[in-house]
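Trainee: In full-length UniProt numbering, the protein residues as written are 1 to 608.
A single structure is presented below for examination.
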Amino acid sequence: MTTTLVGNEVARVDGLAKVSGKAIYGDDIKMANMLYGVCRFVDIPAGRIDSLDLSAARSVPGVVRIATWEDIPGEKSLGVIIPDYPPIIRDEIAYRGDVIAVVAAETYEAACLAAEKIAITYTPWQPIVSPEEAMKPGARLIHSELDSNIINHHHTVKGDIDSGFAASTHIFEREYEVGFQEHGYIEPESITAWIDNNEQVMTISGSIQNAHRIRGIVAKYLALPQSRVNVKRSILGGSFGGKDDIIDNIACRAALLAHLTSRPVKISYNREQSMRESYKRHPYKMKYKIGLDDEARIQAIKVDIIADGGSYSGQTMFVTWRSSVQAAGPYNIPNVRVDVTGVYTNNNYTSAYRGYGAPQVIFANESLMDEVAEAMGLSPVELRLRNILRQGDTSMAGQVFDNHTVSAQEVLEKAMAKAEFVARREHYRKLNAEGGPVRYGIGLALSHRGCSLGAEGLDASSALMQVNADGSINISTSVSENGQGLQTTMSLITAEAFGIGLDRVMFSEPDYLDDRRRRLYRRLPRHADGRSGHPERRQQNQETDGQRRQPAARGRRYRRSGVAGGEGLQSAPAANYPDLSGSCRFDPGDGRQPLLLRLARGAGYPLG
């Protein structure tokens with residue numbers, strides 16, 4: 001049987017369950033004898049806790065247990081990279097999302113009332129809310145056990161920046177700034193923890209993106225061997241990177257209460273609680289200096305970036321590394337210097353967000369290109385074409401593009417043609433010259449970025465497939481289905497590779513007692529590079545006995561080296577207030593799910 005599924009419009013394999021209300025999300029989990037957990041957040045953004053009075057809270061009917069820092073049997077401070085985040089703090093307050101105690105009660109209402117009745121006295125400190133203030137000599141340390149408010153510093157150099165500017169006849173300097181960004185996923189965080197009485201295993205379920213890290217962190221928090229911790233993901237109602245490390249902390253609290261009470265405990269956040277504790281996209285302050293010759297070819301670029309890491313380090317070291325090697329964009333520049341510094345403040349901490357350090361620098365670099373083009377009397381397209389990366393060029397990080405097709409110029413030219421960029425730009429110039437309350441314009445922006453963590457972290461992904469006696473297939477992967485359509489994509493690839501109908505593929509979530517099925521964010525289809533559809537795989541997969549497939553178990557491992565990256569472009573015509581209209585052009589290549597692809601993009605910073 002031959003099928004052509006990938007690239008055609010199909011219904012999502014998980015769509016019916018979601019729209020019919022049958023899908024089980026984190027807050028839908030209910031268990032016998034279950035308790036409800038509620039966090040007691042601090043009331044100030046910076047300071048020291050002098051005293052904590054639990055007596056009134058304990059007297060609330062239905063309260064079973066209140067856990068504080070002293071009840072933690074294992075490691076009290078954890079983190080993705082730096083173990084600087086205590087799920088329950090002791091006495092130092094880093095931001096308003098810190099939790100001082102967690103209540104477990106028979107009802108949610110009782111737990112909320114008890115949390116409100118926990119009395120705290122403070123010595124408040126003046127909060128440090130800007131990285132510049134935090135970096136001043138003698139500034140108060142956000143974390144007293146550290147010797148600096150600097151989280152990290154990445155330094156990228158190519159060529160000789162001084163000689164590059166010396167060879168430049170046109171030099172421009174600009175500053176750009178972007179602020180915090182809330183993920184805004186539909187489903188707030190929810191975790192349920194319980195002890196499996198049959199195996200005496202601490203089990204965690206809920207809105208989980210990174211199941212393997214939760215397994216390891218909960219084990220450390222409770223001083224358990226990892227063999228005694230299992231994770232079972234529920235359906236996820238969106239993430240955009242936001243349900244990664246924040247869920248670690250909620251899972252630790254729920255597991256601690258389950259450990260102390262020997263009963264299931266569920267902690268579900270409302271929107272206010274979610275926005276209070278959850279991390280955001282990093283605010284960046286970016287200084288760009290660029291030098292060009294008389295032919296408008298870039299000779300040098302210098303970039304200095306300060307990233308607000310907020311109260312805890314999260315994934316700041318990884319996110320800012322991305323920026324440090326992509327800040328100059330998809331352009332062939334012989335001399336580059338980029339410095340990116342992550343800084344602690346008393347703001348919400350910042351961590352993973354869709355784009356992972358790329359959107360900030362793309363905004364700045366592409367804005368710079370537009371301003372330089374205007375100043376030099378060139379169209380924004382012409383300036384980009386003179387400097388765009390081509391086959392054999394070297395990136396700002398020293399990567400020679402000689403092992404794959406460099407598509408930046410092709411993407412730019414195709415998008416400009418589809419958007420009718422030149423004609424529209426001239427048309428809008430004439431409209432604007434006529435005057436009136438509405439101003440028209442058309443813009444473009446190139447991007448150059450990769451997926452997954454890349455060279456600075458573990459990049460691995462895997463999938464397990466079982467071919468059944470009747471030729472149907474079961475597939476599972478530890479990459480999380482966050483709502484992005486992963487289950488459908490993986491099912492499509494499998495059906496296409498094996499030459500069967502989509503209805504004969506069953507995707508299921510694994511549990512995580514087996515640590516071999518590691519995952520990395522949301523990008524397995526891109527990371528896997530379509531290997532299951534390779535002709536050799538098809539031949540191996542399609543061996544039959546004339547009636548049905550031979551039941552087989554086959555294990556293979558494929559690993560990419562380095563960072564999988566690509567180029568893209570958006571062009572959007574618009575008119576300012578009171579009449580706003582717009583359209584986008586983006587050539588993403590061959591989309592595995594065209595319908596979902598059309599729905600999933602375009603909002604970016606405005607709605608993200």
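Glycine residues also receive a C-beta, built at the ideal position from the N, C-alpha and C atoms.
Taking only three categories from DSSP, how would you classify V6?
Mentor: Residue state, collapsed to three classes: coil.
Trainee: Measure the alpha-carbon distance for R174 versus P83 and round it to whole angstroms.
Mentor: Computed Cα separation, rounded: 36 Å.
Trainee: Taking C-beta to C-beta, are M465 and K266 nearer than 9 Å?
Mentor: It is not a contact, given that the beta carbons lie outside the stated cut-off.
Trainee: A364 CB to nearest chain B CB: under 9 Å?
Mentor: Any reference to chain B falls outside this structure, which holds one protein chain only.
Trainee: Leaving out five residues on either side along the sequence, give the residues of the same chain with a beta carbon under 6 Å from the beta carbon of R40.
Mentor: Around R40: I100, A101, A115, I118.
Trainee: Straight-line CA distance for R519 to S480?
Mentor: For R519, the predicted model reports a pLDDT of 43, less than 50, meaning its position is unreliable and no value from the coordinates is stated.
Trainee: Hey, could you find the ends of the alpha helix (DSSP H) W125 is sitting in?
Mentor: That residue, W125, is in no alpha helix (DSSP H); it is neither H nor E in DSSP.
Trainee: Taking DSSP as the reference, what is the three-state secondary structure of V42?
Mentor: Correct three-state label for V42: coil.
Trainee: Determine the DSSP secondary structure at N198, reduced to helix, strand or coil.
Mentor: DSSP places N198 in coil when its eight states are reduced to three.
Trainee: For F363, does the three-state DSSP call read helix, strand or coil?
Mentor: Reduced to three states, the DSSP call for F363 is helix.
Trainee: I need the straight-line Cα distance from Y521 to G241, nearest angstrom please.
Mentor: With a pLDDT of only 42 at Y521, under 50, the local geometry of the prediction cannot be trusted, and no value is derived from it.
Trainee: What whole-angstrom Cβ distance do A352 and V319 have, given they're in contact under 8 Å?
Mentor: The pair is a contact, with the Cβ atoms about 7 Å apart (cut-off 8 Å).
Trainee: State the start and end residues of the unbroken alpha helix (DSSP H) segment that holds M465.
Mentor: No alpha helix (DSSP H) holds M465; the beta strand (DSSP E) holding it covers 463–467.
Trainee: Just to confirm the assignment, what range does the beta strand (DSSP E) spanning E295 have?
Mentor: Unbroken run through E295: none, as it is neither H nor E.
Trainee: Mapping the DSSP letters down to three states, classify Q181 as helix, strand or coil.
Mentor: Looking at Q181 - three-state DSSP - the assignment turns out to be strand.
Trainee: Helix, strand or coil: which one does DSSP assign to R384?
Mentor: Correct three-state label for R384: helix.
Trainee: Buried or exposed: T121, going by 16 or more other Cβ atoms within 10 Å of its Cβ?
Mentor: Answer is exposed; the Cβ neighbour count stays below 16.
Trainee: Leaving out five residues on either side along the sequence, give the residues of the same chain with a beta carbon under 7 Å from the beta carbon of R65.
Mentor: For R65, where only same-chain residues beyond five positions count, the Cβ hits under 7 Å are A104, L257, L260, T261.
Trainee: With a floor of 4 residues, list each alpha helix (DSSP H) that falls wholly inside the segment 205–269, ordered by position along the chain.
Mentor: Those alpha helix (DSSP H) runs which fall completely within the segment 205–269 and span 4+ residues are 211–222, 245–261.
Trainee: In this structure, what does DSSP give as the bridge partners for N335?
Mentor: Partner(s): A300.
Trainee: Would you mind giving the Cβ-Cβ distance between Y95 and G309, rounded to the nearest angstrom? I have them listed as a contact below 8 Å.
Mentor: With a Cβ gap of about 11 Å, Y95 and G309 do not count as contacting.
Trainee: Can you list, in chain order, the residues of its chain whose CB lies under 6 Å from that of A328, leaving out five sequence neighbours each side?
Mentor: Excluding sequence neighbours, A328 sits near I301, V336, M396.
Trainee: Check whether the segment 495–507 touches the segment 471–478, counting contact only when three or more Cβ pairs, one atom from each stretch, lie closer than 8 Å.
Mentor: A contact exists between the segment 495–507 and the segment 471–478.
Trainee: For R215 and Q200, which I take to be in contact (beta-carbon distance under 8 Å), what is that distance rounded to the nearest angstrom?
Mentor: About 16 Å; that fails the 8 Å criterion.
Trainee: Restricting to Cα atoms, I'd like to know which of P45, V381, S278 is closest to L446.
Mentor: Closest option to L446, Cα to Cα, is V381.
Trainee: Going straight from the alpha carbon of residue 610 to that of A11, what length do you get?
Mentor: Residue numbering for the chain in the displayed model covers 1 to 608; residue 610 lies beyond these limits and cannot be assessed.
Trainee: Quick one: grab the DSSP three-state call for A495.
Mentor: Correct three-state label for A495: helix.
Trainee: Assuming L378 is part of the beta strand (DSSP E), what are its boundary residues?
Mentor: From DSSP, L378 is part of no beta strand (DSSP E); its letter is neither H nor E.
Trainee: List the endpoints of the continuous beta strand (DSSP E) containing L52.
Mentor: Segment 47–53, the beta strand (DSSP E) holding L52.
Trainee: If we require 4 or more residues per run, which alpha helix (DSSP H) segments fall completely within the segment 408–447?
Mentor: Counting whole runs of 4 or more residues, the segment 408–447 contains the alpha helix (DSSP H) stretches 408–419, 421–433.
Trainee: Using 8 Å as the threshold, is the segment 58–74 in touch with the segment 131–138, meaning 3 or more CB pairs across them?
Mentor: No, they do not touch.
Trainee: CB N346 to CB A46, shorter than 9 Å?
Mentor: Result yes, Cβ atoms of N346 and A46 sit closer than 9 Å.
Trainee: Alpha carbon to alpha carbon, how far is V63 from A110?
Mentor: The straight-line gap from Cα to Cα measures roughly 7 Å.
Trainee: Reducing DSSP to helix, strand and coil, say where G483 ends up.
Mentor: Of the three classes helix, strand and coil, the one that applies to G483 here is coil, per DSSP.
Trainee: Measuring straight from C-alpha to C-alpha, what distance separates G179 and A307?
Mentor: For G179 and A307, the distance between alpha carbons rounds to 10 Å.
Trainee: Rounding to the nearest angstrom, what Cα-Cα distance links G37 and K243 in this structure?
Mentor: Between G37 and K243, the C-alpha separation is close to 19 Å.
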